[in-house]
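So the structure is just underneath, and the comments pick up after that.
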Amino acid sequence: MTGKPLLPAGAQRRWAGLGVLVLAVTLVAVDATVLSLAIPSISETLDPTGTQLLWIGDIYSFVLAGLLVSMGALSDRIGRKKLLLIGSTAFGAASLLAAYAPTPGWLILARALLGVAGATIMPSTLSLIRTLFPDARERATAIGIWGAGATAGAALGPLVGGVLLEHFWWGSVFLLNLPVLALLLVLGGWLLPESRDPKPGRWDVLSVLLSMVGVITAVYAVKEAAAHGLGDWTVPVAFAVGITALTVFVRRQLRLESPLLDVRLFAEPRFTAAVVASLTALIGLSGVIFFMSQYLQLVRGYAPLAAGIAEMPAFVGAVVGGLLTAKLVRRTGNRVALTAGLLAMGVGIGLLGWVHQDTTYLLLGASFLVVGTAEGVVYTLAADLVLGAAPADKSGAASAVSETAYELGTALGIALVGSVLTAIYRGALVAPAGTDPATAARAGESLGGAVDAARSLPDPVGGRLLEGAEEAFVQGMNTSAWLAAGLLLLSAALSWYLLRSRRPQAGSGAEPQPEALAGRPGA
Numbered sequence: 000m001t002g003k004p005l006l007p008a009g010a011q012r013r014w015a016g017l018g019v020l021v022l023a024v025t026l027v028a029v030d031a032t033v034l035s036l037a038i039p040s041i042s043e044t045l046d047p048t049g050t051q052l053l054w055i056g057d058i059y060s061f062v063l064a065g066l067l068v069s070m071g072a073l074s075d076r077i078g079r080k081k082l083l084l085i086g087s088t089a090f091g092a093a094s095l096l097a098a099y100a101p102t103p104g105w106l107i108l109a110r111a112l113l114g115v116a117g118a119t120i121m122p123s124t125l126s127l128i129r130t131l132f133p134d135a136r137e138r139a140t141a142i143g144i145w146g147a148g149a150t151a152g153a154a155l156g157p158l159v160g161g162v163l164l165e166h167f168w169w170g171s172v173f174l175l176n177l178p179v180l181a182l183l184l185v186l187g188g189w190l191l192p193e194s195r196d197p198k199p200g201r202w203d204v205l206s207v208l209l210s211m212v213g214v215i216t217a218v219y220a221v222k223e224a225a226a227h228g229l230g231d232w233t234v235p236v237a238f239a240v241g242i243t244a245l246t247v248f249v250r251r252q253l254r255l256e257s258p259l260l261d262v263r264l265f266a267e268p269r270f271t272a273a274v275v276a277s278l279t280a281l282i283g284l285s286g287v288i289f290f291m292s293q294y295l296q297l298v299r300g301y302a303p304l305a306a307g308i309a310e311m312p313a314f315v316g317a318v319v320g321g322l323l324t325a326k327l328v329r330r331t332g333n334r335v336a337l338t339a340g341l342l343a344m345g346v347g348i349g350l351l352g353w354v355h356q357d358t359t360y361l362l363l364g365a366s367f368l369v370v371g372t373a374e375g376v377v378y379t380l381a382a383d384l385v386l387g388a389a390p391a392d393k394s395g396a397a398s399a400v401s402e403t404a405y406e407l408g409t410a411l412g413i414a415l416v417g418s419v420l421t422a423i424y425r426g427a428l429v430a431p432a433g434t435d436p437a438t439a440a441r442a443g444e445s446l447g448g449a450v451d452a453a454r455s456l457p458d459p460v461g462g463r464l465l466e467g468a469e470e471a472f473v474q475g476m477n478t479s480a481w482l483a484a485g486l487l488l489l490s491a492a493l494s495w496y497l498l499r500s501r502r503p504q505a506g507s508g509a510e511p512q513p514e515a516l517a518g519r520p521g522a
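Residues 0 to 522 (numbering that gives the first Met the number 0) make up the sequence shown, in order.
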């Protein structure tokens, strides 16, 4: 590391700097899920199609995922603090555009720009923790607090959205970013040290383009395949383009003297296990938030604020899980803690497969608490494993891989879970006799569309349409929950296998590291 001397004002300044980083990562995480409760309001105001609604929800995370590796490598080169402050300024400008978007297309564009700005913020936060906290024990605690902010931010999004939507229009969820960003710019400029790779090498533009094209087209193909099957010609074309671009990207990184991403890091089992765990955990968490926010409002009839409060156990659990990770690992080791966290998430999400229109809230609250707590443990531990497996001077790029998994998981959670739910909903919904084709088509787009369509029909017909739409939505929600739970159980099995030995393999580029969270060798 290079840069100004660390901790000129001692430990107090160091922990205050951590507070700035937690503020930044929480803001970006909140923005990934804050729209979940605003979906009904956006549907009513902007009248998006079902496909546009999915893009409004997940374009932010798609763009973030596509740019994080590139921005992580850029932060290693130009300075992590500098890129964090530049990104925060851009995030504020994009938030203004999103708040006053007049059409679904403009809102999708604004969310994409937010993703570009967010990609400059996320990698810098985790890599700066390594700069602020060179001591492994202190860094473990710092990562626990940082992880609590990241996971709690995703869980807190619906509550923030609910509070604002109770009093203001949907655009207010973006305006909230502005005062937070102003505070971040002032405190970040004062408290954070600058750091960069002392020998960064050339920033390879072709690698940047290949990583962007590969990630975005591959995720788009998965999303469209889940929604429409392989019949649409764009799906296999996007798959082919994405896989080809990622293959060329990997081969190019192996040849470059200063790669954008040292793909040899994946030869280290801890690194691979951590990335896969982050990815699947966020698929589960974001998928749950996506469909449960709609279920609570449109099926159970909760007001936005009440729905946000109902999801609070996930927020509380995420904070507790992140803060208790170090203690848990010291008792059980990385292998048991990570596997148990993934298993618990799978069980918690699987419980939602038995939810119906009138299920007691006790089951819902228990599921939220288990999912949130387990996700806090998984993500915090995964972040520590990533940092421990990577060389110190490549912490920005390595952190970006962890954040890419986070954002890909968020995007895929909405895309896959949302697409499966939408496909089942459309197949199960049968419009009652007396419903005109245009109204039936609008009801088939989404549950929000069905609620709106039911209002335009006479009472008996509208009531039957709404009842059928709720049943179809719950059916899709149950199936989606079981699919997400199955994915997490598979991830748990893979983590148990990969972490059976933590001795770095030859050529991984990582030196043996002590288990910072566990504080002792062994699993």
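Glycine included, every Cβ here is placed at the ideal spot set by N, Cα and C.
* Note down the Cα distance separating A266 from A273, rounded to an integer number of angstroms. => 12 Å
* **Whole-angstrom distance between L163 and L564, CA atom to CA atom** => Summary: the structure shown does not reach residue 564, with the chain confined to residues 0 through 522, and so no result is reported for it.
* Entirely enclosed alpha helix (DSSP H) segments - the region 323-364, minimum 4 residues -> 333-350
* Using 8 Å as the Cβ pair cut-off and three pairs as the minimum, do the region 111-130 and the region 79-94 touch? -> yes
* Asked: By Cβ distance, which residues of its chain are closer than 7 Å to A440, with the 5 residues on each side in sequence left out?
  -> none
* **Three-way DSSP call (helix, strand, coil) for P431 in this model** => coil
* Simplified DSSP state of R201, which is helix, strand or coil -> coil
* Can you tell me where the alpha helix (DSSP H) with V172 in it begins and where it stops? -> S171 to L174
* What residue range is occupied by the uninterrupted alpha helix (DSSP H) comprising W168? -> Run containing W168: none; DSSP gives neither H nor E here.
* **Selection from G475, G433 and A471 that minimises the alpha carbon distance to L456** => G433
* Asked: If you drop the 5 nearest sequence neighbours on each side, which residues of the same chain put their C-beta closer than 8 Å to that of L182?
  -> L22
* **Within 8 Å, strictly: CB atoms of A427 and Q356** => no
* Asked: Counting along the chain, where does the alpha helix (DSSP H) carrying A97 start and finish?
  -> R79 to A98
* For G417, which residues from the same chain have a beta carbon less than 6 Å from its beta carbon, with the 5 sequence-adjacent residues on both sides left out? -> L53 and F289
* Can you tell me where the alpha helix (DSSP H) with S285 in it begins and where it stops? -> P268 to Q293
* Report the option in G485, G56 and R251 whose CA atom is closest to the CA atom of S533. => Outside the displayed range of the chain (0 to 522) lies residue 533, so it cannot be described from this structure.
* Coarse secondary structure for F132, derived from DSSP in three states -> coil
* Mind checking whether P178 and P103 have CB atoms under 8 Å apart? -> no
* Report the option in L488, L205 and L420 whose CA atom is closest to the CA atom of T279. => L488
* Asked: How many angstroms separate the CA atom of G467 from the CA atom of M291?
  -> 18 Å
* Asked: Using the C-alpha atoms, what's the distance from Q11 back to A141?
  -> 13 Å
* List in chain order: all unbroken alpha helix (DSSP H) runs of 4+ residues lying wholly within the region 421-483. => 436-444 and 446-454
* **Three-way DSSP call (helix, strand, coil) for S194 in this model** => coil
* V207 versus A118, V172 and D134, residue with shortest Cα-Cα distance -> A118
* Within 10 angstroms of its Cβ, does P268 collect 16 or more other Cβ (buried), or is it exposed? -> buried
* Three-state class that DSSP yields for R76 in the structure shown -> helix
* Asked: Hey, L84 and G188 are a contact pair by Cβ (cut 8 Å); roughly how many whole angstroms apart?
  -> 6 Å
* Asked: Are the beta-carbon atoms of W202 and L63 separated by less than 8 Å?
  -> no
* Any 3 or more C-beta pairs closer than 8 Å across the region 330-344 and the region 370-378 -> yes
* How is S210 classed by DSSP in three states: helix, strand or coil? -> helix
* Looking at C-alpha atoms only, which residue of L184, L415 and A244 is the closest neighbour of A224? -> L415
* Straight-line gap, L420 to T478 (C-alpha atoms, nearest Å) -> 8 Å
* To do: Report, in whole angstroms, the separation of the C-beta atoms of L245 and G213, which I expect to be a contact under 8 Å.
  => 4 Å
* Own chain partners of A15 with C-beta closer than 6 Å, once the 5 adjacent residues on each side are dropped -> L190
* To do: Return the Cβ separation of L186 and V19 in integer angstroms, given the expectation that the two are a contact with Cβ distance under 8 Å.
  => 5 Å
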